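Q: If you read the sequence shown in full-length UniProt numbering, its first letter stands for residue 1, the second for the next number, and so on.
Cβ atoms here follow ideal geometry from the backbone N, Cα and C, with glycine treated the same way.
Since the model is a prediction, treat every value here as computed from it, not as a measurement.
Dropping the structure in here first, questions after.
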Amino acid sequence: MLAACTALAAGCTGSGAPDNDKDKGRAPLARIATNPLDNAVAVGLHTPVRVAASGGMLTRVRVTDPTGHALTGSLNPARTTWTATGALVPAEVYSVQAQAVNRDGKSSQTSRTFSTTQPSKALNTDVMPREGAEVGVAMPIAVRFSAAVRNRAAVEKRLQVKTSRPVVGAWHWISPSEIHYRPKTYWPAHTRVTLSADLDKVNAGADVWGTANLTRNFEIGNSVVTKVDLVDHHARTYIDGKLERTIAVTGGKPGWETRQGTKVIIDKQTDYVFTNEMIGVPESYSLLSQYAIRVTVSGEFLHTAEWSTGSQGNSNVSHGCVGMNLEDSDWLFHHTRIGDPVEVHNPAGPRMELTNGYGDWNLSWTQWKAGSALG
Numbered sequence: 001m002l003a004a005c006t007a008l009a010a011g012c013t014g015s016g017a018p019d020n021d022k023d024k025g026r027a028p029l030a031r032i033a034t035n036p037l038d039n040a041v042a043v044g045l046h047t048p049v050r051v052a053a054s055g056g057m058l059t060r061v062r063v064t065d066p067t068g069h070a071l072t073g074s075l076n077p078a079r080t081t082w083t084a085t086g087a088l089v090p091a092e093v094y095s096v097q098a099q100a101v102n103r104d105g106k107s108s109q110t111s112r113t114f115s116t117t118q119p120s121k122a123l124n125t126d127v128m129p130r131e132g133a134e135v136g137v138a139m140p141i142a143v144r145f146s147a148a149v150r151n152r153a154a155v156e157k158r159l160q161v162k163t164s165r166p167v168v169g170a171w172h173w174i175s176p177s178e179i180h181y182r183p184k185t186y187w188p189a190h191t192r193v194t195l196s197a198d199l200d201k202v203n204a205g206a207d208v209w210g211t212a213n214l215t216r217n218f219e220i221g222n223s224v225v226t227k228v229d230l231v232d233h234h235a236r237t238y239i240d241g242k243l244e245r246t247i248a249v250t251g252g253k254p255g256w257e258t259r260q261g262t263k264v265i266i267d268k269q270t271d272y273v274f275t276n277e278m279i280g281v282p283e284s285y286s287l288l289s290q291y292a293i294r295v296t297v298s299g300e301f302l303h304t305a306e307w308s309t310g311s312q313g314n315s316n317v318s319h320g321c322v323g324m325n326l327e328d329s330d331w332l333f334h335h336t337r338i339g340d341p342v343e344v345h346n347p348a349g350p351r352m353e354l355t356n357g358y359g360d361w362n363l364s365w366t367q368w369k370a371g372s373a374l375g
């Protein structure tokens, strides 16, 4: 225990008057000792930080980082020992300022420094959309972490979203290592968005620490919403609220029903080859699709399907994708972007999953907000 300087290691240093003060009938100045010792380096984050006075009482203790942020702590009833209650952060230099008085009311003070170790585990981040991207009105902000986050509230507080137009939005933890932000309704078209992730020195829990700050700027494009109705076998695309094209389509046949719900375009490719091995069906095929728009991780696309034009507009014959002719798929490919919503009406199909791509819009606003760690 660090109750007094003499209780510390032999290397302890303090301040006070020389012993010959006793010969003059005066009490020696109080001595002040610290743990960690002065100029200590690579101090562990769980090291107890204490300041102790011998021959007097502590009147002031302040332990601060370079920004002036003070480490919290408390004194014992005798006011001889101050113990930190706040947590140290990694790779930081701390200054210790302490003052004490002896029984004659004479004061003594000391100034010390120590530095903490590097974090044992760094919390790295990957963010979508990318810097400078133009995305659709349904695109969430997705922040993926390199490790599970236990102190979710502490991390979430460091994520700030600013927009050029008024937006009501919220964060939702998709998993322990992924959090998304979406508005209550689709983003207003042409909104500029800035994400500030000030994660440097944030404690994510289990000795995982943020080590850097990040800023991401992107813009929302115009509103392009495609509504797919697999009951009447047509897709309708609305641009800025106006119906621009009606497309005859086919969807998933019995046993392979297309998912019901709102999906978000996550990728677009030309000359995409579909094979039976991709989905594990016994019949052998290899089909070239000139235009393919992916909406789920599991493999649902809106794509060119020249082989099923006879069924488009009247029946569902696919393995779950939404197929259309070459002309319509060409038009749709060139009028959509990553982040545009695709709303599928298919009562016979399973519900779109939250994590099968961006299933964020299939939760009600109340359900979405409940996924925040901040309440």
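1) Under 8 Å by Cβ, that's how I've got residue 293 and residue 230 pegged, so tell me the actual separation to the nearest angstrom.
2) Quick check: residue 328 and residue 220, are their CB atoms within less than 8 Å of each other?
3) Short of 6 Å in beta carbon distance, which residues of its chain neighbour residue 128, apart from the five on each side in sequence? Order them along the chain.
4) Kindly indicate which residue of 57, 53 and 96 has the alpha-carbon position closest to the one of residue 72.
5) Across which residues does DSSP place residue 145 in a beta bridge pair?
6) On the three-state DSSP scale, how would you describe residue 408?
7) With distances taken from CA atoms, which of 120, 341 and 234 is nearest residue 224?
8) Can you tell me whether residue 21 is helix, strand or coil according to DSSP?
9) Return the CA-CA distance between residue 33 and residue 90, expressed in angstroms with no decimal places.
10) Can you say whether residue 204 is buried or exposed, counting buried as having 16 or more other CB atoms within 10 angstroms of its CB?
11) Are residue 234 and residue 313 close, meaning C-beta to C-beta below 8 Å?
12) Going straight from the alpha carbon of residue 62 to that of residue 70, what length do you get?
13) Among 87, 124 and 318, which residue has its Cα nearest to the Cα of residue 178?
14) Take every Cβ of the region 45 to 64, pair it with every Cβ of the region 99 to 110, and state whether three or more of those distances are shorter than 8 Å.
15) Nearest by alpha-carbon distance to residue 195: which of 35, 163 and 299 is it?
16) So, residue 136 versus residue 338, is the Cβ gap smaller than 8 Å?
17) Pick from 149, 359 and 113: whose alpha carbon is nearest that of residue 41?
18) DSSP puts residue 242 in a beta bridge; with which residues?
19) Out of curiosity, what's the CA-to-CA distance linking residue 266 and residue 148?
20) Considering Cα atoms alone, identify which of 318, 351 and 218 is closest to residue 130.
21) Strictly by DSSP, which residues pair up with residue 45?
22) Taking the alpha helix (DSSP H) that residue 297 belongs to, which residues open and close that run?
A: On the basis of the data shown:
1) 16 Å between Cβ atoms; not a contact.
2) no
3) Result list for residue 128: 142, in chain order.
4) 96
5) 125
6) Limits of the chain in this structure are 1 at one end and 375 at the other, which puts residue 408 out of reach.
7) 341
8) In this prediction, residue 21 scores a pLDDT of 48, lower than 50, which makes its location untrustworthy; no coordinate-derived value is stated.
9) 23 Å
10) That one is buried.
11) The Cβ atoms of residue 234 and residue 313 sit closer than 8 Å to each other.
12) Near 7 Å, if we compare the C-alpha coordinates of residue 70 and residue 62.
13) 124
14) Yes, since at least three Cβ pairs between the region 45 to 64 and the region 99 to 110 fall closer than 8 Å, the two stretches touch.
15) 163
16) yes
17) 113
18) 239
19) Computed Cα separation, rounded: 24 Å.
20) 218
21) None, per the DSSP bridge assignment.
22) No alpha helix (DSSP H) contains residue 297, which DSSP labels as neither H nor E.
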